[in-house]
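Student: According to UniProt numbering, the residues represented by the sequence shown are 1 to 65, in order. Would you mind keeping the following structure in view while I ask a few things?
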Amino acid sequence: MRLNQRQIEIFNAIMVHKSVTAAAAVLRTSQPTVSRELRELEKQIGFGVWGEFGYEDFQTLAKRP
1 MRLNQRQIEI FNAIMVHKSV TAAAAVLRTS QPTVSRELRE LEKQIGFGVW
51 GEFGYEDFQT LAKRP
């Protein structure tokens with residue numbers, strides 16, 4: 001699994017702004033583009049980070065040792 005810089009930027013923007021739409025605005029791109037990149041990231045890592053768990057659940061999973 002190798003994430004590219006853009007996927008990391010998109011993931012970070014979604015986590016910071018808690019919204020795909022807000023992340024797209026901050027990144028100056030369209031919401032469908034951010035959604036597509038997020039789906040590709042999820043496919044690469046093997047699980048959903050936004051739609052499947054939701055923001056709060058993902059934050060809990062990310063803090064596990």
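Just so it is clear, CB atoms sit at the ideal spot from N, CA and C, and this is done for glycine as well.
1) Within its chain, find whatever has a CB closer than 6 Å to the CB of Phe47; leave out the 5 residues flanking it on each side and keep chain order.
2) Return helix, strand or coil for Thr29, following the three-state DSSP convention.
3) When the Cα atoms are used, what is the spatial distance from Phe11 to Leu38?
4) Check Arg36 in the structure and name its three-state DSSP category.
Tutor: This is what the structure holds:
1) As a working note, residue 47 is residue 47 in the sequence shown. Excluding positions up to five away in sequence, the list is empty.
2) Counting from 1 along the sequence shown, the entry for residue 29 is found at position 29. In the structure shown, Thr29 sits in coil (DSSP, three-state: anything other than H, G, I, E or B).
3) Locating residue 11 in the sequence shown gives position 11, counting from the first residue. Locating residue 38 in the sequence shown gives position 38, counting from the first residue. Using only the alpha carbons, I get a separation of about 7 Å.
4) Counting from one through the sequence shown, the residue named residue 36 turns up at place 36. Arg36 falls in the helix class under three-state DSSP.
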